[in-house]
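Right, one structure below, let's go through it.
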Amino acid sequence: MSRIGFQKSVRLFHKFSEETARRRGGAPSARDGIAHLAALASVLKAESAFTPDLLEPLAAFTNLLQSAQLPPDFGDYSFGDALLAIEEAEAERRQNDAQHWEFEGEVTDAVAAEVARFAPTPSSATSDEHRQKLSRFVLDAVQQSQPGSLLVVGALAEPALPWGDLCARFGRVTLSDLDLTRLEELVRQSVPEPLRARVKLERYDLTGCAATFQRAVATRVAKASDAAHAELSLVELLQSYDVSSGSAGLSATEEKPDLAVSAMVLPQLSRGFEACLAEQLQGRGWSAGPGLRQQLALWGVWLVQHHVHALLRRAKAAVLVSAVSEVALRTSPNGQKSAVGEPRDLLGVERLEERLPEIAEPRAAQSWELERALPGPEKQSLLTLIEAVLV
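Residue numbers (the numbering used here): 9 to 399.
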């Protein structure tokens, strides 16, 4: 990924937008867009920090770049490409600062109980169609991989994976997550007994920072004199995050697996952090304000991007499956379903492939929908768009 190339794209579109505004008159939305492009240009020059208010404009701009609506000179950089370029600029801006964070994927026994809460919550609802399409995509990917070693990260997130078939295909299988007790239960329930000898369980933190985050939040909230002080301190903590994509890991084992599988993990990477922060603030009778929630959303964007990058760099091949968006549906008395509000993007972009940087070489992709009933007296359901890619 060329930071210079993406800088050029931003510069060209900034100039184009200014010229268009001069010719046609600048509507408020156009002026806002120009201001956002100027702010992005400043970030890419390592002159200013990347802030949460730039996430949505960045996603809109990279979506436009990939839409083929602009001349080739503008490039076709993805959201993932843009984040790598911004990360490089942020590293330059901070080059004289001390390192604040380290990626620490291996979880010691001493902190195991603390970080178990960060393990993903398995989906409580599925469907035959979801299970079939997920299994078919994953097993098709398996046929394109060497049958040596398999690594399933965040293994607790998706119980509908074809565990028996996967363990039958690979000679060595590692299931990784934060809660070993739940992993052991998964193996007992889903892996045939003759195949269990092939399975190794590993306690690993895909974010690399759960334990550090939990301790730091607890300390800062305890020291805060009031809610405003706590908010400022926690925003400062999140802004100090300086882990690079290249540092992100998948496993304590250095050897690259023949295939890594990450299924339904991405939207859950930041949920444990959200819960941890809310719990600590509630303990003092406080809650997170808008600024803190926005900064936490940006934190989640980086966690997702680092995991995607780790899959690309630390496995010979990878299957990435994720929920991408969701919308509530209401069923009328005549059986017709209609959307309640607008779809909510779960990854900050409309498509999973927008999260892939240019180093990724997608070999297969598929999407399907999963609908599950919502609790309550009203006849409502949640429709989730699932996308899968083999890289």
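Just so you know, even glycine gets a beta-carbon here, dropped at the ideal spot from N, CA and C.
- Between Gly172 and Pro155, the C-beta spacing is not below 8 Å.
- Boundaries of the beta strand (DSSP E) harbouring Ala326: 326-339, taken from the DSSP string.
- By the beta-carbon neighbour count (other beta carbons within 10 angstroms, threshold 16), Glu361 is buried.
- If you draw a 10 Å sphere on the C-beta of Thr392, you find 16 or more other C-beta atoms in it, and that means buried.
- Here the C-alpha atom of Lys141 lies approximately 16 Å from the C-alpha atom of Gln151.
- Cβ-Cβ distances below 8 Å link Val348 to Val335, Ala336, Leu337, Arg338, Gln388 in the same chain, with the five nearest sequence neighbours on each side left out; the list follows chain order.
- Looking at the DSSP output, Glu395 shares a beta bridge with Ser330, Ser375.
- Exclusion of the five residues before and after Ala67 leaves Phe87, Gly356, Val357 as the residues of its chain whose Cβ lies within less than 7 Å of its Cβ.
- Sorting Glu350, Glu282, Gln290, Ala271 by C-alpha distance to the C-alpha of Ala396 places Ala271 at the top.
- The continuous alpha helix (DSSP H) containing Ala235 extends over residues 235-247.
- Per DSSP, the unbroken beta strand (DSSP E) holding Val160 starts and ends at 157-161.
- When the beta-carbon positions are compared, Val269 and Val199 stay at least 8 Å from each other.
- Here Ile94 is buried. Its C-beta has 16 or more other C-beta atoms within 10 Å.
- Residue ranges of uninterrupted alpha helix (DSSP H) with 4 or more members, entirely inside the stretch 76-110 and ordered along the chain, are 87-101.
- Comparing C-alpha distances from Glu350 to each of Arg371, Leu390, Ala373 shows the shortest one belongs to Leu390.
- Counting along the chain, Gly308 sits inside the alpha helix (DSSP H) bounded by residues 298-321.
- Collapsing the DSSP output to three states places Gly254 in a helix.
- Three or more Cβ pairs closer than 8 Å define a contact, and the stretch 67-87 meets that threshold against the stretch 10-17.
- Membership of Pro60 in any beta strand (DSSP E) is not indicated, and neither H nor E is assigned to it by DSSP.
- DSSP places Arg180 inside the beta strand (DSSP E), whose first and last residues are 180-185.
- For Lys231, the secondary structure class from DSSP, reduced to helix, strand or coil, is helix.
- Check the Cα spacing between Leu398 and each of Phe24, Ser375, Gln313: the tightest is with Ser375.
- Between the stretch 231-250 and the stretch 288-308 there are three or more C-beta pairs closer than 8 Å, enough to call the two in contact.
- Between Arg371 and Ser241, the alpha-carbon positions lie close to 44 Å from each other.
- In the same chain as Ala165, and ignoring 5 residues on each side of it, the C-beta atoms closer than 7 Å to its own belong to Pro128, Pro130, Ala271, Met272, Val273, Gln276, in chain order.
- Between Phe111 and Ser255 the beta-carbon gap is near 4 Å, inside 8 Å, which marks them as a contact.
- The beta carbons of Val207 and Ser184 sit no closer together than 8 Å.
- Straight-line spacing of the CA atoms in Ser143 and Asn342 works out to 34 Å.
- Look at the beta carbons and you see the stretch 101-116 touching the stretch 217-227: at least three pairs across the two are nearer than 8 Å.
- In terms of Cβ geometry, Pro170 and Val146 form a close pair [threshold 8 Å].
- Where Ala118 is concerned, the enclosing alpha helix (DSSP H) starts and stops at 117-123.
- For Ala271, the uninterrupted beta strand (DSSP E) run begins and ends at 267-271, by DSSP.
- DSSP places Val357 in the coil class of the three-state scheme, outside both helix and strand.
- Glu122 and Arg139 have their alpha carbons spaced roughly 32 Å apart.
- Counting along the chain, Val18 sits inside the alpha helix (DSSP H) bounded by residues 11-32.
- In this structure, Ile394 sits near Leu378, with a CB-CB distance shorter than 8 Å.
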